[in-house]
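The block underneath contains the structure these notes are about, expressed in structure tokens.
Numbering (this note's numbering), first residue to last: 490 to 785.
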């Protein structure tokens, strides 16, 4: 076979076509973003929704018998429907919706917790920075932080002679201890290199506190703040049960005295959801400020 014949029998390759380039338009990217967001929401919401549904079914079955002392979910829905459907009604000073009562309690929490955050961070920085302050104050803090929150209430009522500042003081004295302790731990764990840099730059105490100490100890500070906000919410509900007023804690006590168990259960749901939101809020602020780092 001649060379020419071999050349003629060879398979000739088709000319290569340029690869098609798929351009993602803004609409396509938005669709992918929405799908990703929907997937994240589903992963975050579906598991707790399933658990809550199972709990409701078990609760309904367990409390449906005539001898049960607790109402089932169906009875709670029927008897407390107005509280659930109309959280912002206002029929007078003592006849308001649960949302208003929660907001009143949150006002007290904001004042008490805000003061605790300011004083706690300052004292924690002092204890963490000074070995003498730590030796002198740490034993006192460890003793006072073990006192139950409501044990402070009689003293605060005697001192302030009013229920609202007394409740705020209970919030303050309850939430300040984890803030002090975590801040002190964070300050003590500041790397020595940071302190050397401050000496080289000749920073004064205020500049060192603002520019180095607080940013370096921020993960620990927000850990203390997150614990403190939970304790604040626990303390205000308990304090309002004894001091009265129009907060969510007093509503639970008043409902108990009137044997309105469905109202109490709805109020407990409000308290739980509010506490969860407060915790998530402080955690989100802490993650933003510390860029997602955590205390170790």
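We treat Cβ as the ideally placed atom computed from N, Cα and C, and that holds for glycine.
Q. Can you tell me whether residue 672 is buried or exposed, with buried defined as 16 or more other CB within 10 angstroms of its CB?
A. Residue 672 sits at position 183 when you count from the first residue of the chain shown. Label assigned to residue 672: buried.
Q | Integer Cβ distance of residue 669 from residue 714, believed to fall under 8 Å | A | In the chain shown, the residue the question calls residue 669 occupies position 180. In the chain shown, the residue the question calls residue 714 occupies position 225. Not quite, the Cβ-Cβ distance comes to about 11 Å (not below 8 Å), so this is no contact.
Q: Taking the CB atoms as reference points, tell me whether residue 649 and residue 601 lie closer together than 7 Å.
A: Walking along the chain shown from the start, residue 649 turns up at place 160. Walking along the chain shown from the start, residue 601 turns up at place 112. Not in contact: residue 649 and residue 601 (Cβ atoms no closer than 7 Å).
Q. Could you give the C-beta distance for residue 732 and residue 652, rounded to a whole number, given that I count them as a contact under 8 Å?
A. The residue labelled residue 732 in the question sits at position 243 within the chain shown. The residue labelled residue 652 in the question sits at position 163 within the chain shown. About 4 Å; that satisfies the 8 Å criterion.
Q: Give the DSSP-derived three-state secondary structure of residue 539 in the structure shown.
A: One-based indexing of the chain shown puts residue 539 at position 50. Residue 539 falls in the helix class under three-state DSSP.
Q: Put residue 585 into one of helix, strand or coil per three-state DSSP.
A: By one-based count along the chain shown, residue 585 stands at place 96. In the structure shown, residue 585 sits in a strand (DSSP, three-state: E or B).
Q: For residue 525, count neighbouring Cβ atoms within 10 angstroms of its own Cβ and tell me buried if that reaches 16, exposed if not.
A: In the chain shown, the residue the question calls residue 525 occupies position 36. Exposed, by the Cβ-count rule.
Q: Give the range of the alpha helix (DSSP H) segment to which residue 661 is assigned.
A: For the purposes of this step, residue 661 is taken as the residue at position 172 of the chain shown. Here the alpha helix (DSSP H) through residue 661 covers 652-677.
Q | Length of the line joining the Cα atoms of residue 641 and residue 664 | A | The residue labelled residue 641 in the question sits at position 152 within the chain shown. The residue labelled residue 664 in the question sits at position 175 within the chain shown. Whole-angstrom Cα-Cα distance: 13 Å.
**Q.** residue 736 versus residue 591 - alpha carbon distance
**A.** The sequence position of residue 736 within the chain shown is 247, counting from 1. The sequence position of residue 591 within the chain shown is 102, counting from 1. If I take the Cα positions, the gap works out to 6 Å.
**Q.** CA nearest to the CA of residue 716, picked from 647, 566, 609
**A.** Residue 716 sits at position 227 when you count from the first residue of the chain shown. Among 647, 566, 609, the Cα nearest to that of residue 716 is on 609.
**Q.** Where the alpha helix (DSSP H) containing residue 562 begins and where it ends
**A.** Taking the first residue of the chain shown as 1, we reach residue 562 at position 73. Run containing residue 562: 562-568, per the alpha helix (DSSP H) assignment.
Q: Taking the CB atoms as reference points, tell me whether residue 617 and residue 676 lie closer together than 7 Å.
A: Taking the chain shown and counting its residues from 1, the one referred to as residue 617 is at position 128. Taking the chain shown and counting its residues from 1, the one referred to as residue 676 is at position 187. Yes, these two residues count as a Cβ contact at 7 Å.
**Q.** Counted within 10 angstroms of its Cβ, other Cβ atoms place residue 597 as buried (16 or more) or exposed
**A.** For the purposes of this step, residue 597 is identified with residue 108 of the chain shown, where counting begins at 1. Counting Cβ neighbours within 10 Å, residue 597 comes out buried, since at least 16 surround it.
Q: Assign residue 511 to one of two classes, buried (16 or more other C-beta atoms within 10 Å of its C-beta) or exposed (fewer than that).
A: Residue 511 sits at position 22 when you count from the first residue of the chain shown. Here residue 511 scores only 49 on pLDDT, less than 50, and its place in the model is too uncertain to base an answer on.
Q: Can you grab the Cα-Cα spacing for the pair residue 778 / residue 594, in whole Å?
A: The sequence position of residue 778 within the chain shown is 289, counting from 1. The sequence position of residue 594 within the chain shown is 105, counting from 1. So the two alpha carbons sit approximately 27 Å from each other.
Q. If you compare alpha carbons, which of 707, 738, 724 is closest to residue 730?
A. Here residue 730 corresponds to residue number 241 of the chain shown, with the count starting at 1. The shortest Cα separation from residue 730 among 707, 738, 724 belongs to 738.
Q. Can you tell which of 599, 683, 771 has its C-alpha closest to the C-alpha of residue 654?
A. The residue you call residue 654 lines up with position 165 of the chain shown. The residue with the shortest Cα to Cα distance from residue 654 is 599.
Q. From residue 681 to residue 667, what does the alpha carbon distance come to, in whole angstroms?
A. Locating residue 681 in the chain shown gives position 192, counting from the first residue. Locating residue 667 in the chain shown gives position 178, counting from the first residue. Each residue's Cα considered, the two are about 25 Å apart.
Q) Measuring CB to CB, does residue 545 end up less than 7 Å from residue 552? A) The sequence position of residue 545 within the chain shown is 56, counting from 1. The sequence position of residue 552 within the chain shown is 63, counting from 1. For residue 545 and residue 552, no; Cβs fall outside 7 Å.
Q | Delimiting residues of the alpha helix (DSSP H) encompassing residue 625 | A | For the purposes of this step, residue 625 is identified with residue 136 of the chain shown, where counting begins at 1. Segment 620-633, the alpha helix (DSSP H) holding residue 625.
Q) Is the distance from the Cβ of residue 538 to the Cβ of residue 638 below 7 Å? A) Here residue 538 is taken as the residue at index 49 of the chain shown, counted from 1. Here residue 638 is taken as the residue at index 149 of the chain shown, counted from 1. It is not a contact, given that the beta carbons lie outside the stated cut-off.
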